[in-house]
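A.B. asks:
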Amino acid sequence: YQRYHNVQYTFNSNKLTSTEAVNHSNFSSISRFFNEEVRSYDSLGNLVKIIYYDRVIKSSFNIDSKYEYFYNAKNELTKVLGYSLIHDGAGGETKDFTLDYTIIIDYLMYDEQGNWIEKKVSYLHNDGKKSDGNAFSRAITYYH
């Protein structure tokens with residue numbers, strides 16, 4: 002069962018300034034009855050982890066989600082790991098997050114300024130199946 006099976010993943014920049022990243026709290030108190038989100042950043046301001054705590058009372062299982070983000074030397078997102086943790090309401094939840102999928106981002110071509118102009122995003126599911134991937138391209142106009 003996957004509650005959000007038609008999710009569109011966006012890879013926009015949630016980057017903090019280096020001062021914000023150093024002063025950003027990596028944890029908060031989790032409420033027993035409300036959803037909550039906790040974000041972690043590295044010293045460069047890159048988002049490295051998000052945990053969504055699903056605590057709303059409902060007639061189905063609660064599923065916490067965790068996402069880990071990895072970057073290359075150019076601070077470009079290269080990999081996202083997606084995890085889940087199921088709660089059954091009776092204290093019988095699993096002990097740790099389970100890896101559900103891996104998103105791999107390959108940068109195929111850069112322009113003369115060093116910015117990517119072609120990349121491929123592939124999905125590797127926990128059952129070992131890998132998608133063919135989606136190709137993305139962009140054209141950047143520079144004004145001098």
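Be aware that the sequence shown starts at 2, since it is given in the numbering used here, and climbs by one per residue. For glycine and all other residues, C-beta sits at the position ideal for the given N, C-alpha and C.
Within the same chain, show all residues whose beta-carbon is closer than 7 angstroms to that of Ser123, passing over the 5 residues directly before and after it, in chain order.
C.D. replies: The residue given as residue 123 occupies position 122 in the sequence shown. For Ser123, where only same-chain residues beyond five positions count, the Cβ hits under 7 angstroms are Ile105, Lys131, Ser132 and Gly134.
A.B. asks: Excluding five sequence neighbours on each side, which residues of the same chain lie with their C-beta closer than 8 angstroms to the C-beta of His88?
C.D. replies: What you label residue 88 is simply residue 87 of the sequence shown in a count that begins at 1. The residues are Asp55, Phe62, Asn63, Ile64, Asp65 and Glu94.
A.B. asks: I need the straight-line Cα distance from Glu119 to Tyr68, nearest angstrom please.
C.D. replies: Walking along the sequence shown from the start, residue 119 turns up at place 118. Walking along the sequence shown from the start, residue 68 turns up at place 67. Cα to Cα, Glu119 sits roughly 24 angstroms from Tyr68.
A.B. asks: Among Leu125, His145, His126 and Asn116, whose alpha-carbon lies nearest the alpha-carbon of Arg139?
C.D. replies: Position 138 of the sequence shown, counting from 1, holds the residue named residue 139. The option with the nearest alpha carbon to Arg139 is Asn116.
A.B. asks: Assuming Leu82 and Thr99 form a contact by the criterion Cβ under 8 angstroms, report the distance between their Cβ atoms to the nearest whole angstrom.
C.D. replies: For the purposes of this step, residue 82 is taken as residue 81 along the sequence shown, with counting starting at 1. For the purposes of this step, residue 99 is taken as residue 98 along the sequence shown, with counting starting at 1. That belief does not hold up - the Cβ atoms of Leu82 and Thr99 are roughly 11 angstroms apart, past 8 angstroms.
A.B. asks: Could you tell me the distance, in whole angstroms, from the CA atom of His126 to the CA atom of His145?
C.D. replies: As a working mapping, residue 126 is identified with position 125 in the sequence shown. As a working mapping, residue 145 is identified with position 144 in the sequence shown. His126 and His145: Cα-Cα distance of roughly 44 angstroms.
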